[in-house]
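Chemist: Attaching a single structure in C-alpha cells format; questions to follow.
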Amino acid sequence: MPNEPYPVPAARHRAEQVVRRSRFITTVAHAATEDDARSFIHEVRAEFADATHNCWAFVAGPPGATAAVGMSDDGEPHGTAGRPMLEALLHSGVGEVAAVVTRYFGGVKLGKGGLARAYAGGVTQAFETLPLARKVARTPVRVTLDYAALDALRRLAAHHDARIVREDFAAAVTVHVGVPESELQMFRNAVAGLTSGQARVETEDPEDEDESHPQRRR
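So the sequence shown is residues 122 to 339, counted in the working numbering.
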C-alpha cells in the first residue's frame, strides 16, 4: 500500500571493488526528490572529477516505483551502466535512493556484459552494508485539550508512533502532532476516548511531516 512505511538510506554510504584492474567506487545516498538526486550526483561527480566515468541512477520514490527515475551511462557503451544500476535499485526493496558508480579505468576492457555486471554489482555490494531508516508518511494534526490530559496524550502519541512537533500553552494546551497516516483514525478515536470527546482534533494544512526512524539492518 502506498502509505505503508518503507526503508530508505539512513546516511550516505560508500563501497569499493576492483574488477580486472578497474576501480569501481559506489556511493549511495537518500534522495527524496529528483532535485535531491541530481544535487547528490553533482557532488559526487565533483569529488571524482578525474575519474574515467561517473555513472548514476536514482529512484526518487517508494521502492520499485518508476514515476521519478533517472540514469546515465556517462560515456560507457549504451545500456552497460545506468540501466543495470537502475534495475539494481528498483529490485533492492529500498526507496528514495540514488547511486553513483565511479570508475577509474585499469587498462583492461570488460566488454558489455562485464561492464553491466560490474556496475550492477557495485550497487548490490553497497546495499549489503547500507544503513537503513524507515520512512513514515505523516499527517499534521492539532489537538486542543485540558492540561490534565496532557501527560496521557503524550503517552498515547508514543503508542501510535506519532511525533509531537510542539506544544502551545494558553487557557488550554494545543499539541501539534505528526501522525502516521495508517494510525490517523485510531489516533482520533483514542483521543476522543481519553478526553470523553472534549478534545478537539483537527487536521492542519499539509506539511512535510515525514520522518525517518533509524533502524538496524537485520
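Ideal Cβ positions, reconstructed from N, Cα and C, are used throughout, including at glycine.
Look up H280 in the DSSP assignment and say whether it is helix, strand or coil.
Modeler: For this step, residue 280 is matched to residue 159 along the sequence shown. Residue state, collapsed to three classes: helix.
Chemist: Have a look at E197, E325, V149 and D171 and flag the residue whose alpha-carbon is nearest the alpha-carbon of I162.
Modeler: Position 41 of the sequence shown, counted from the start, is the residue given in the question as residue 162. Of E197, E325, V149 and D171, the residue nearest in Cα terms is V149.
Chemist: Could you pull the DSSP bridge partners for P301 from this structure?
Modeler: Residue mapping note: residue 301 aligns to position 180 of the sequence shown, counting from 1. DSSP, once it has assigned bridges, lists R259 as partnering P301.
Chemist: In the DSSP output, what is T148 paired with across the bridge?
Modeler: Indexing the sequence shown from 1 puts residue 148 at position 27. T148 pairs with R135 and V221.
Chemist: Three-state secondary structure (DSSP) at F161?
Modeler: Here residue 161 refers to the residue found at position 40 of the sequence shown. Three-state result, F161: helix.
Chemist: From E302 to R224, what distance separates their C-alpha atoms?
Modeler: Counting from 1 along the sequence shown, the entry for residue 302 is found at position 181. Counting from 1 along the sequence shown, the entry for residue 224 is found at position 103. Those two C-alpha atoms are separated by around 42 Å.
Chemist: Quick one: what's R321 bridged to in DSSP?
Modeler: One-based indexing of the sequence shown puts residue 321 at position 200. Paired residues: T265.
Chemist: Helix, strand or coil: how does DSSP classify R204 here?
Modeler: Your numbering for residue 204 matches position 83 in the sequence shown. Assignment of R204 by DSSP, reduced to helix, strand and coil, places it in the helix class.
Chemist: Output needed for G196: all residues of its chain with C-beta closer than 7 Å, excluding positions within five of it in sequence on either side, in chain order.
Modeler: In the sequence shown, the residue the question calls residue 196 occupies position 75. Excluding positions up to five away in sequence, the list reads H174.
Chemist: Pull the bridge partners of M307 from the DSSP assignment, please.
Modeler: Within the sequence shown, the letter at position 186 stands for residue 307. Note: M307 sits in no beta bridge, so no partner.
Chemist: Could you check what DSSP says for G191 in three-state terms: helix, strand or coil?
Modeler: Indexing the sequence shown from 1 puts residue 191 at position 70. Strand, per DSSP.
Chemist: Evaluate A239 with the Cβ neighbour count: other Cβ atoms within 10 Å of its Cβ, from every protein chain shown; 16 or more gives buried, anything less gives exposed.
Modeler: By one-based count along the sequence shown, residue 239 stands at place 118. It counts as buried.
Chemist: What does F179 pair with, by DSSP beta-bridge criteria?
Modeler: For this step, residue 179 is matched to residue 58 along the sequence shown. G191 and A219.
Chemist: Who are the Cβ neighbours of P126 in its own chain at under 7 Å, not counting the five residues just before and after it?
Modeler: Taking the sequence shown and counting its residues from 1, one reaches residue 126 at position 5. If we look at P126 and ignore the five residues flanking it on each side, its Cβ neighbours are R255, K256 and V257.
Chemist: So, is T201 buried or exposed, given that buried needs 16 or more other C-beta atoms within 10 angstroms?
Modeler: One-based indexing of the sequence shown puts residue 201 at position 80. Buried is the call here.
Chemist: Is P198 buried or exposed, if buried means 16 or more other CB atoms sit within 10 Å of its CB?
Modeler: Translated into positions along the sequence shown, residue 198 becomes position 77. Exposed, since its Cβ has fewer than 16 Cβ neighbours within 10 Å.
Chemist: Just the C-alpha distance for L211 and D157, rounded to the nearest angstrom, thanks.
Modeler: In the sequence shown, the residue the question calls residue 211 occupies position 90. In the sequence shown, the residue the question calls residue 157 occupies position 36. Those two C-alpha atoms are separated by around 18 Å.
Chemist: Which residues in the same chain have their Cβ closer than 6 Å to the Cβ of A136, if we skip the five residues on either side of it in sequence?
Modeler: Against the sequence shown, residue 136 aligns to sequence position 15. Contacts found: T147, Q246 and A247.
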